[in-house]
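**Q** I'd like to ask you about the structure that follows.
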Ligand SMILES: [Ca+2]
Ligand SMILES: [Ca+2]
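Structure follows, in structure tokens:
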């Protein structure tokens, strides 16, 4: 009997440790389309601005997974940040079945890295994902091609919400 209680206590402790280690999303990532937002790092590591220059723009990103069994072109999908209306459609990039892509805020060459992860760059000259996303829910929507960046749910296939984002921390959507 004592052993049973001990085991129950250990299971409860393990569950608590898991909760503490992972930022708890309100619900698991989901999508009604081919692409799903799974993670986000809204607040790039280090200061966003140093000596009046925007720094580490590519340290700000979100991660999208191709949930289908075939290659999907990212072209035209609209990441709609719900606090602003300067969302650029994603570039043309062929994402293989099941693969994930880091969508970076700054500039770079779209590519696949040695770990098999893909990277595309949006070419902004400043940070665009709010570090304090407490005013809206969700903070980011991924919308079907040809959708408008109008901060509404129209065309939305997947969402992410994060609230206040700690420096350099990645959140599950
Ligand atoms: Ca940010
Ligand atoms: Ca927007």
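In mature numbering (1 follows the signal peptide of the UniProt record, and there is no 0), the protein residues as written are -28 to -1, 1 to 145. Glycine included, every Cβ here is placed at the ideal spot set by N, Cα and C.
1) Looking at residue 16 and ligand 1, is the gap between the Cβ and the nearest heavy atom below 7 Å?
2) Can you tell me whether DSSP reads residue 105 as helix, strand or coil?
3) Return the residue from the list 88, 143, 80, 82 that minimises the CA-CA distance to residue 105.
4) Which residue from 117, 102, 130 puts its Cα closest to that of residue 61?
5) Return the chain-ordered list of same chain residues with a C-beta closer than 8 Å to the C-beta of residue 43, the five sequence neighbours on each side being excluded.
6) In terms of DSSP beta bridges, what is residue 131 paired with?
7) Compute the beta-carbon to beta-carbon distance between residue 101 and residue 53, rounded to the nearest angstrom, for a pair I have assumed lies under 8 Å.
8) Please determine, among 36, 96, 125, 138, the residue with the shortest C-alpha to C-alpha distance to residue 27.
9) Rounded to whole angstroms, what is the Cα-Cα separation between residue 51 and residue 129?
10) Under the rule that 16 or more other beta-carbon atoms within 10 Å means buried, what is residue 83, buried or exposed?
11) Output the distance between the C-alpha atoms of residue 127 and residue 48, rounded to the nearest integer angstrom.
12) Secondary structure at residue 7, three-state DSSP: helix, strand or coil?
**A** Judging by the given coordinates:
1) Counted from its first residue, the chain shown places residue 16 at position 44. At least one heavy atom of ligand 1 is nearer than 7 Å to the Cβ of residue 16, so yes.
2) If you number the chain shown from 1, residue 105 lands on position 133. Reduced to three states, the DSSP call for residue 105 is strand.
3) Here the question's residue 105 lines up with position 133 in the chain shown. It is 143.
4) For the purposes of this step, residue 61 is taken as residue 89 along the chain shown, with counting starting at 1. When only C-alpha atoms are compared, the closest one is 117.
5) As a first step, residue 43 is located in the chain shown; it is residue number 71 there, counting from the start. Excluding sequence neighbours, residue 43 sits near 66, 67, 68, 69.
6) Position 159 of the chain shown holds residue 131. Answer by DSSP bridge pairing, in chain order: 113.
7) As a working note, residue 101 is residue 129 in the chain shown. As a working note, residue 53 is residue 81 in the chain shown. Confirmed, Cβ separation roughly 6 Å.
8) Within the chain shown, the letter at position 55 stands for residue 27. Minimum Cα distance to residue 27 is reached at 96.
9) One-based indexing of the chain shown puts residue 51 at position 79. One-based indexing of the chain shown puts residue 129 at position 157. Those two C-alpha atoms are separated by around 10 Å.
10) Taking the first residue of the chain shown as position 1, residue 83 is located at position 111. Exposed is the call here.
11) What you label residue 127 is simply residue 155 of the chain shown in a count that begins at 1. What you label residue 48 is simply residue 76 of the chain shown in a count that begins at 1. The alpha-carbon atoms of residue 127 and residue 48 are separated by roughly 12 Å.
12) In the chain shown, the residue the question calls residue 7 occupies position 35. The answer is strand: DSSP assigns residue 7 an E or B state.
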